[in-house]
Structure formats: structure tokens, C-alpha cells
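In numbering that gives the first Met the number 0, the protein residues as written are 0 to 585. Built from N, CA and C at the ideal position, the CB exists for glycine as well. Read the structure below first, then the notes.
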Amino acid sequence: MNIRQLLTDKFQAAMLAAGIPEDCGPVVAPAKKAGFGDYQANGAMAAAKRMGTNPRELAAGILEQLDRGDMIEKVEIAGPGFMNIHLSNAWLAAQLAAAQRDERLNIAPAAQPQTVVIDYSHPNLAKEMHVGHLRSTIIGDALARLLEFQGHKVIRQNHMGDWGTQFGMLLAHLSDKLESNDAGAGSDQKAKVALADLEVFYREAKVRFDEEEGFDDRAREYVVKLQGGDPACLKLWQQFIDISISHSEEIYDKLNVTLKRSDVYGESRYNDDLPVLVQELLDRGIAVEDQGAIVVFLEEMADKEGNPSPMIIRKKGGGYLYSTTDLAAIRYRANQLHADRILYVVDARQSLHLQQAFTASRKAGFLPESVSLEHCAFGTMMGDDGKPFKTRTGGTVKLSALLDEAIERAQKLVADKNPDLSPDECAQIGRTVGIGAVKYADLSKTRTNDYAFNWNAMLSFEGNTAPYLQYAYTRVRSIFRRAGIDPGELSGDIQLGTAEERALAIKLCQFGEVLDQVAKDTFPHVLCGYLYDLASGYMAFYEACPVLREGVEADVRNSRLQLCDLVARTIAAGLDLLGIEVLEKM
Ligand code: ARG
């Protein structure tokens with residue numbers, strides 16, 4: 000249920016009936032301040048300006064046509080023509096009762112489900128997975144979960160960097176390692192040993208490439224063999240890729256991310272299409288030869304002087320590029336996967352590249368007009384020093400080590416807070432809280448901004464953090480434990496007698512519209528902000544409205560218990576969509 004949408008529809012119909020042009024929208028939003036109703040419709044002002052009439056009179060005309068149904072209690076005209084909407088208590092209570100009975104909390108699946116391709120995580124297998132991939136993985140997975148919950152068909156695409164000249168050096172090094180390792184073990188087993196620590200392996204290969212005589216030539220030979228489809232070389236490459244993917248999977252597991260091996264559709268998958276695609280663009284005159292390279296000149300993205308933006312799709316020597324692969328990927332996703340929407344959860348620093356790929360593929364007619372291409376850009380993760388996040392010695396931070404540290408810190412925190420926990424409980428809680436904290440810290444910031452990675456802030460039990468929400472959840476749940484009540488058995492009317500109960504009810508009813516908004520704009524921090532407000536609203540309610548205390552009438556207590564249960568379930572559902580777990584005890 001989406002209150003904002005329901006009100007928009009009602010006001011839109013009333014405006015039409017009042018003779019206002021169709022393209023004047025009612026502009027409905029939750030009221031920003033107390034005393035201005037629950038929602039506001041502000042469209043009368045703009046419409047009056049357009050029509051050259053008095054906005055207050057126009058608003059009165061709209062209200063005459065408005066079908067209030069059982070949803071709207073009253074509407075007041077305020078100031079120059081604001082319409083302040085008060086929702087009816089009976090209607091709010093009925094919505095909550097429906098949510099209480101419904102596993103999906105009264106959130107209906109999308110009326111028009113779409114096929115949404117989400118390109119996320121996508122590490123480069125020839126390099127270490129770094130914090131940039133952490134952001135993409137966390138944000139992309141939240142969007143995937145949320146859109147799936149809404150009933151869309153989500154196709155995850157892990158566009159791993161599994162091809163390119165960097166593999167020459169790695170394969171040459173791997174080949175040497177396999178030869179020098181003891182005989183006996185099978186080749187796959189040997190490869191596993193050689194690649195047990197990828198960071199070490201990359202470093203060794205790089206040192207050899209830079210320092211060892213003749214190694215660079217061998218590396219280049221491997222590139223040629225790989226591109227030429229040499230079977231032994233391909234086998235080596237496959238071993239390398241398989242083991243690298245397993246390393247990524249360990250991170251996904253630890254992070255509670257839904258990506259599976261079957262979601263990996265790496266750059267190499269497009270190899271066969273690259274010459275075809277380039278030839279086609281040449282034949283159609285969309286790409287041209289320029290100083291030996293093949294280039295698409297994009298007038299659509301010309302600079303101030305009018306020079307078109309050049310996108311190279313084949314290098315002088317004949318090699319293909321990251322951009323060529325992305326054009327092939329767009330074509331595949333639109334035509335083979337039948338995407339209605341393609342989301343790229345990619346670092347903001349790649350926005351020129353993606354803009355070029357989007358523009359060129361439109362120009363080439365690679366996809367139907369209706370398919371939406373969206374760059375869900377994110378900023379850089381910064382360290383406390385305000386510089387991009389690095390280890391103390393300036394190296395790349397190893398992701399698995401970072402996650403282990405999160406878990407350790409959280410374990411220590413919960414053990415200090417609650418010394419009675421068993422070591423097992425501590426470990427389990429530490430995992431859930433630590434990983435939740437890392438993910439939530441990322442998701443709760445406006446993704447397009449850079450954000451500062453800070454252990455103390457993300458692990459705090461106060462403020463807009465995962466531990467705060469997880470703790471709020473356990474507190475609500477403990478009410479039921481204390482009272483020995485199964486929330487599934489609650490019934491009776493929901494009563495909204497106090498201001499706090501009413502405010503909480505409205506918050507609870509807004510879950511659906513928040514999900515719709517995040518699905519549309521792909522900004523998960525909006526959901527985080529909502530959950531934080533909900534938990535704060537619950538705290539205010541709990542202070543003001545006793546639940547189990549003696550003297551509380553049975554029907555009031557029953558109603559309040561239902562509100563408590565809805566709060567717990569909404570927090571859990573919201574966190575689940577963000578890929579964060581809750582605990583019964585912490
Ligand atoms: N592998 C790339 C990197 O690590 C990101 C890939 C993003 N997706 C895409 N279709 N270009 O930077």
C-alpha cells in the first residue's frame with residue numbers, strides 16, 4: 000500500500016473534475032512539520048498560476064470534487080493554497096490490521112512487474128578485490144533484494160573482469176608454479192595451492208614482471224596464446240578464474256550477499272561478439288577509422304567547443320576495450336535477457352565511460368527506446384584521514400580481513416555489553432552485528448557522496464546504525480518473551496488514542512511508499528532513514544504508552560502489542576531487504 004500514490008490518484012481525479020489541465024500534478028508528500036496535517040497536496044498553487052486564477056479558490060474547487068472515501072478525515076486549505084490532508088484513524092487502523100494478518104505486511108507486488116538486470120560487484124579477477132567492489136556488492140545486493148520483493152524479475156549480472164592483457168603475467172606465473180610444485184597432486188589441486196592467497200600471488204607475478212629478465216616477454220606470449228584460443232592456455236585461465244571466483248564467493252558468503260556462481264557473466268563471455276559488433280558499427284557508418292583505431296564519435300556528448308566525445312572500440316593494434324565489451328553487454332541484456340531496466344551499480348568515476356556506452360548503444364539502436372539504462376553511481380570510500388581508504392602502509396585493504404575485523408570488533412562489543420553470553424552466542428551475534436554494521440554504514444549514506452569509513456560510528460548503538468536498529472528489534476521482541484505471548488495470536492481492534500500511537504501508525508503505513516521510492520530512485524539510504532525514524536517513533540511511543548504495565552486495559556494492551564509486533568516485523572523486513580539480519584537476543 001502506498002499512501003502517497005492513493006492520495007495522488009484521488010487529488011488528480013479531483014483536479015481533473017475541477018477543470019484543471021491534466022499535466023498539472025497534485026504534488027502530494029508527507030507533511031514536513033506537525034500541525035500541517037499528515038500529508039500535503041501542493042499542486043493548486045502551480046495550477047492557479049498556469050490558469051491565472053486564485054489558488055485558494057482553486058483549492059476549494061478541488062476539495063469540492065475530492066472523493067475522501069474512508070481514507071481522508073478532512074482537508075484544510077492553508078496559506079496561499081496548501082491542502083493539508085488528515086488521514087482517518089479508522090482507515091489507518093484498518094491498514095494496520097491488514098498488515099498484521101499479512102506475511103508481506105500489506106505490501107502488494109508490483110502491478111506491472113519488470114525484468115531488471117542489475118550489474119554489480121563485478122571485481123577484476125586480475126587484481127585484488129578492493130573496497131570499491133565492497134560498495135557495489137552491498138548496494139547492488141540491496142537493490143536486487145528490494146526489487147525482487149516487489150515482484151520484479153531480477154537478473155543479477157556479475158560482470159567480472161576475467162579477460163584482458165593482465166592475465167598474461169598471471170598465467171605465466173601460474174604455469175611456472177604448477178611445474179615447480181611437487182608431482183603427485185593433480186593439476187587442479189596444485190592450482191588451488193598456488194592461488195590460496197591471491198594477493199600474494201598477484202604481488203609475486205608483478206615483481207617478476209617488473210624485475211625478472213624475459214618474464215615480460217613470456218607474459219605477452221601468454222596473452223597471444225590466450226587470445227588465440229590455445230587449449231592449454233585456456234585451461235590454465237579457466238583454473239585461475241574458477242579459483243578466483245571461489246575467493247569472491249567466500250566474501251559473498253561472509254557478507255550475506257545473494258550472488259551465486261550462476262550470476263557470473265564475465266567480460267570473456269562477450270569475446271565472440273566483439274569483432275562482429277565493431278564490424279557492424281563500421282558498416283553502418285556509426286564507427287569510423289581514426290589513426291588506425293576504430294572510434295565512435297558521439298556528437299550527443301560534445302564538449303563546449305562542439306567536439307564530439309570519442310569512444311574507442313578497437314585499438315590500433317586490433318585489441319578490444321572495456322567499452323567494446325560494455326556495448327556488447329548492453330545489446331545482450333536488452334535483447335537476450337529482455338531487460339526493461341538495466342542498473343549499473345558502478346563507481347561514480349566510471350560515469351563518463353557508462354554515459355558513452357549508453358549513448359553509443361542508443362545511437363546504434365542496440366536496444367528498444369523503452370529500456371532504461373541507469374548508472375547507480377557511488378562515491379569513494381574514504382579513510383579517517385579523508386583520503387581514499389587504504390591500509391596504514393598505503394596498500395589496498397583486503398576485503399576479507401576488513402570483514403573479519405568488523406566481526407571481531409562487534410564480538411568484543413557485545414561481550415562487554417552482555418557478559419552472560421556464551422562464546423557461541425557471542426560469535427553468532429558478533430557476526431550479525433559486525434557485518435550488519437559495515438553494510439548499513441554504506442547503505443545509509445547518500446550513495447553518490449564519498450563516505451568516511453569509521454569503525455566507531457558504524458558500531459555505535461546510538462544513531463542511524465545497524466546495531467541501533469538490531470537492538471531496537473530485540474527490545475520489541477523481548478516484550479513478547481516477557482509476556483509469554485505469541486504475536487501471531489494477537490487480535491482485536493487497533494486503537495490510535497494517543498498522538499504517539501497515531502504517529503507510529505502513520506510511519507508503519509508508509510513502508511510501502513518508501514519501498515516504491517527506493518525501487519524507482521535506487522537510493523537505499525531512503526529506506527535506512529525510514530527504518531531509523533520508525534525505530535525512533537517506536538521509542539517515543541514506548542515512553543508514552545505503557546504496554547504491559549498493570550492497569551492498562553486489556554483492549555488497549557492488545558492494540559499496543561499489535562503495534563509493537565508490526566514495528567518488529569517492519570524493521571526485520573526492511574533490514575532483510577538491505578541484506579541485514581536481526582537477532583532475538585543481543
Ligand atoms: N570490473 C570493473 C571494475 O572493477 C567494473 C565493471 C562494471 N560493470 C560494467 N558493465 N562496466 O572497475
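Item                                                                                                             : Value
7 Å Cβ shell around arginine 430 - same chain, five flanking residues per side excluded                          : Ile406
Among Ala13, Gln335 and Ala45, nearest to glycine 60 - alpha-carbon criterion                                    : Ala13
DSSP state of glutamate 212 mapped onto helix, strand, coil                                                      : coil
Buried versus exposed, by CB contacts within 10 Å (16 or more), threonine 569                                    : buried
heavy atom of the ligand ARG below 7 Å from aspartate 118 C-beta                                                 : yes
Distance cut-off 7 Å: alanine 46 Cβ against heavy atoms of the ligand ARG                                        : no
beta-carbon asparagine 123 near the ligand ARG non-hydrogen atom, thresh 7 Å                                     : yes
DSSP three-state assignment for arginine 260, whether helix, strand or coil                                      : helix
Cα-Cα separation between isoleucine 434 and threonine 473, rounded to whole angstroms                            : 17 Å
Contact set for glutamate 580: own chain, Cβ-Cβ below 6 Å, skip 5 residues either direction                      : Thr431
Strand pairing of isoleucine 242, partner residues [DSSP]                                                        : Paired residue(s): none; isoleucine 242 is not in a bridge.
Stretch-stretch touch, CB-based, cutoff 8 Å, three pairs: the region 398 to 415 with the region 374 to 382       : no
Per DSSP, cross-strand counterpart(s) of threonine 114                                                           : Lys152
In chain order, each alpha helix (DSSP H) run of at least 4 residues that lies wholly inside the region 20 to 78 : 42 to 50 and 54 to 64
Distance CB(histidine 374)-CB(serine 350) smaller than 8 Å                                                       : yes
Same chain, Cβ closer than 6 Å to glutamine 64, five either side skipped, listed in chain order                  : Ala13, Ala16 and Ala17
Which of helix, strand or coil DSSP assigns to asparagine 123                                                    : strand
Assigned exposure category for proline 466 - 16 Cβ within 10 Å defines buried                                    : buried
Every unbroken alpha helix (DSSP H) inside the region 341 to 390 [4 residues or more]                            : 350 to 362
The region 71 to 81 touching the region 25 to 43, judged by at least three CB pairs closer than 8 Å              : yes
Heavy atom of the ligand ARG within 7 Å of glycine 160 beta-carbon                                               : yes
Closest residue to leucine 547 among Gln561, Gly536, Gly316 and Ala28 (Cα-Cα distance)                           : Gln561
Any non-hydrogen atom of the ligand ARG within 7 Å of alanine 328 CB                                             : yes
Counterpart residues of leucine 86 in DSSP-defined beta bridges                                                  : Ile71
beta-carbon tyrosine 201 near the ligand ARG non-hydrogen atom, thresh 7 Å                                       : no
Cβ pair count under 8 Å reaching 3, the region 380 to 389 against the region 351 to 366                          : no
Distance, glycine 150 Cα to isoleucine 117 Cα                                                                    : 15 Å
Separation of glutamine 335 from glycine 68, as counted between CA atoms                                         : 46 Å
Nearest-angstrom Cα separation, counted from proline 25 out to phenylalanine 166                                 : 57 Å
Residue range of the beta strand (DSSP E) that includes aspartate 289                                            : 286 to 289
Alpha-carbon to alpha-carbon, serine 261 and arginine 134                                                        : 21 Å
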